[in-house]
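The opening position of the sequence shown corresponds to residue 112 in this note's numbering, with each subsequent residue numbered one higher.
Data block below; observations after.
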Amino acid sequence: MMMLLRKFAKEFLVPLGTTLSLLFATTSIVQAQQPSLPVIKKTSFRADTVNIKDFGAKGDGQFLNSEAINKAINAINQRGGGVVFVPAGLWLTGPIEMKSNVNLHVSREAILLFSKNFDDYKLVESNWEGQPAWRNQNPISGKNLENIAITGKGVIDGNGGVWRMVKRNKMTDSQWKKLVSSGGVVDEKAKIWYPSEGSMKGALENRGGTIKPGLTKEDFLDVKDFLRPNLLVFTACKRVLIEGVTIQNSAAWNLHPLMCEDVTLRDVLVRNPWYAQNGDGVDIESCKNVLVEDCTFDVGDDGICIKSGRDKAGRDRGMPTENVIIRRSVVYHAHGGFVIGSEMSGGARNIWVEDCSFIGTDIGLRFKTKRGRGGVVENIFINNINMVGIPGEAILFDMYYEAVDPIPLLGDEKKEVKVVKLPVTEETPQFRNFSIKNVHVSGADKGIFFRGLPEMHVKNITLENINIDAKNGIEIISASDINLKNIRVHTDNSSPFVQIADSENISFENLTPMNEVDLLFRVSGDESKNIRATGTELKGVKKKTEFVGGANAKALKM
Numbered sequence: 112m113m114m115l116l117r118k119f120a121k122e123f124l125v126p127l128g129t130t131l132s133l134l135f136a137t138t139s140i141v142q143a144q145q146p147s148l149p150v151i152k153k154t155s156f157r158a159d160t161v162n163i164k165d166f167g168a169k170g171d172g173q174f175l176n177s178e179a180i181n182k183a184i185n186a187i188n189q190r191g192g193g194v195v196f197v198p199a200g201l202w203l204t205g206p207i208e209m210k211s212n213v214n215l216h217v218s219r220e221a222i223l224l225f226s227k228n229f230d231d232y233k234l235v236e237s238n239w240e241g242q243p244a245w246r247n248q249n250p251i252s253g254k255n256l257e258n259i260a261i262t263g264k265g266v267i268d269g270n271g272g273v274w275r276m277v278k279r280n281k282m283t284d285s286q287w288k289k290l291v292s293s294g295g296v297v298d299e300k301a302k303i304w305y306p307s308e309g310s311m312k313g314a315l316e317n318r319g320g321t322i323k324p325g326l327t328k329e330d331f332l333d334v335k336d337f338l339r340p341n342l343l344v345f346t347a348c349k350r351v352l353i354e355g356v357t358i359q360n361s362a363a364w365n366l367h368p369l370m371c372e373d374v375t376l377r378d379v380l381v382r383n384p385w386y387a388q389n390g391d392g393v394d395i396e397s398c399k400n401v402l403v404e405d406c407t408f409d410v411g412d413d414g415i416c417i418k419s420g421r422d423k424a425g426r427d428r429g430m431p432t433e434n435v436i437i438r439r440s441v442v443y444h445a446h447g448g449f450v451i452g453s454e455m456s457g458g459a460r461n462i463w464v465e466d467c468s469f470i471g472t473d474i475g476l477r478f479k480t481k482r483g484r485g486g487v488v489e490n491i492f493i494n495n496i497n498m499v500g501i502p503g504e505a506i507l508f509d510m511y512y513e514a515v516d517p518i519p520l521l522g523d524e525k526k527e528v529k530v531v532k533l534p535v536t537e538e539t540p541q542f543r544n545f546s547i548k549n550v551h552v553s554g555a556d557k558g559i560f561f562r563g564l565p566e567m568h569v570k571n572i573t574l575e576n577i578n579i580d581a582k583n584g585i586e587i588i589s590a591s592d593i594n595l596k597n598i599r600v601h602t603d604n605s606s607p608f609v610q611i612a613d614s615e616n617i618s619f620e621n622l623t624p625m626n627e628v629d630l631l632f633r634v635s636g637d638e639s640k641n642i643r644a645t646g647t648e649l650k651g652v653k654k655k656t657e658f659v660g661g662a663n664a665k666a667l668k669m
């Protein structure tokens, strides 16, 4: 562990602000003042195994095995813990409730397939996108448990297709025709298919099951079909292991550790159709001490996502996600490869991401929030990231997030942001103290995009050793104390190559355009100042600077 700590200390040379006094150097470390890599506690189980077949389970894909599987889990728990073995077979089941000291081991030849009968799932107090809510019971769940695991090389399938609504513009004509003919209902504009009238009613009335005074679960029975469950949710659990299994086809999020401690995800394959609404890979929410390594994600929404509650509910909970290591993982289709937000109202801090690849994700590194969230995201260290075929931004900080697909689909309209400066309150979010190093991108719509709020800039960000091939270069709006060092970018559109608006203390060191540039820098806004560029490669630059929208020529020094 000390060798790994020294490696990170050597890789990340970035000031993290005087209030934290966090100094990273290649030769020395101030141990007492810097975040150290967390030590994640491991699970351990007794050498005692039961087979679900011994409790009456049948692997024929027809028999409902909920009772048998839960009996096996209860039995091994009462014996002090051990392994519940799922052998070869197609095991149809309803919700499974985990117990402490139990390892549910799904063999490679086994598929756990969750029932498509909505009546098998009761409405329970749960959580939806960072807020307490009534939802259908999660297919796999556990609360206030210790020492639990899901292991093996088998498949866990949430049968999510029976739950999810589907947008018309995400289907081909033949796919849409087949979906509509399968049953369900279509809205009056023929833009969205729903599995039932109740599902459509819940969507149109925006009844997400949020728990409020005076409302009970009976108030949501008429829209029960709309209240989709996340596939696997562990709440307030300690020492959690998910290893080896394939988690797929969730009605909503696939994996959701919530307020957990000491969580390990290792060698997990997570899959959802690319069109799956809310089909996130893993959402690590308000957790402490987490390791994600050697995992693969190919999903319908964000891939690896950090959250900590939404708006007032998240701030009142006051539990940041902290001490997280993510390494050697691959994300294919997703809205974002590694993501923080937008429900980050409890904050996020001390997170390391290393040696990951994003292939075809809409956005690569995606940090999103909005007014009303509050929360502080800080001390994020990212190193050695490869990206290929990114339709949107390779690196994005956006404090004007809206809950829409990041890449507009046919017929979608992207709203223009209305820039207004508001007072800073507890609802004002903050992004600060990021180090992003050694990033290589082949193909993106835009290389780097920063957009803070006028009253709260994105702050203290270091980007170093970045190589990007993209249609558009670099755009920085409402940001402060941004250091870009050794940035090499090839762009199709170089007018401008770098665009800066209402930002200050922006430093470029060794900026290298890899092709001819029509306009190197465009600076706008009367709040832009103290922008410095040293060691810039000017060969092939037709025009160096342009100042518009009230910007002063003194704002930029080259």
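Positions of the beta carbon are idealized from the N, C-alpha and C atoms, including for glycine.
Computed from a predicted model, the values in this text were never measured in an experiment.
Based on the DSSP output, what are the partners of residue i in its beta bridges?
i	result
H551	N497, N578
L343	I251, L366
I259	V213, V351
Y511	Answer by DSSP bridge pairing: none, since Y511 is not bridged.
Can you check whether the CB of residue j is closer than 7 Å to the CB of residue i?
i	j	result
L215	I261	yes
A168	N176	yes
Q248	Y232	yes
I451	V488	yes
S456	G486	yes
P149	N576	no
D580	N616	no
H367	D412	no
P607	L630	yes
I437	I417	no
G471	Y443	yes
E566	V535	yes
R246	G320	yes
V334	G309	yes
K227	N270	yes
L352	T154	yes
Figure out for me which residue from the options has the closest Cα to the Cα of residue i.
i	options	result
N490	G294, V628, I572, L175	I572
L564	G554, P540, I577, K254	P540
D613	G420, Q388, R562, G271	R562
V609	L667, E638, V515, V569	L667
A590	I598, S606, F545, N597	F545
A363	G390, V351, E354	G390
C398	K349, R377, E354, I353	K349
Y386	E527, I501, G309, Q286	Q286
P517	T204, Q388, D298	Q388
L201	N181, S211, F156, G172	G172
G205	Q189, F174, G191	F174
By Cβ distance, which residues of its chain are closer than 6 Å to residue i, with the 5 residues on each side in sequence left out?
i	result
L574	I547, L595
M669	A644
I187	V161, G193, V195, V213
F658	V634, A664
Q359	D268, R382
H551	N497, N578
A136	For A136, the pLDDT reaches just 32, beneath the cut-off of 50, and the residue's location in the model is therefore unreliable, leaving the point undetermined.
T138	Low confidence applies to T138: its pLDDT is 28, below 50, so where it sits in the model is not reliable enough to give any reading.
F560	E504, L507, E586
R477	G447, V450, L507
D466	R438, R439, N495
L533	E566
V146	Reading off the sequence shown, one finds Pro at residue 146, where the question assumed Val. Contacts found: N461, N490.
K210	I184, N188
K654	L630
Quick one: what's got a C-beta closer than 7 Å to residue i's C-beta in the same chain, skipping five residues either side?
i	result
A314	M276, Y305, F337
S453	K479, T480, K481, R484, Y512
K302	K278, R279
V238	The amino acid at residue 238 is misidentified as Val; the sequence shows Asn. The residues are A244, L369.
G661	G636, D637
Can you list, in chain order, the residues of its chain with a C-beta nearer than 8 Å to that of residue i? Leave out the 5 residues immediately preceding and following it.
i	result
N583	D556, K557, G558, T602, D603, N604
G651	P624, N626, E627, V628
G265	V197, V217, S218, R219, E220, A221, I222, L223, V356, T357
D159	I187, R190, G191, G192, G193, V194
Just checking my contact of residue i with residue j at CB under 8 Å: how many whole Å lie between their CB atoms?
i	j	result
L343	I251	4 Å
C406	S361	Actually they are not in contact, since the Cβ atoms of C406 and S361 sit about 15 Å apart, beyond 8 Å.
F619	T647	6 Å
E372	N400	6 Å
Using a Cβ-based criterion (distance less than 6 Å to any ligand heavy atom), does residue i qualify as near the ligand SAM?
i	result
V535	Absence of the ligand SAM is noted for the structure shown, with no ligands found whatsoever.
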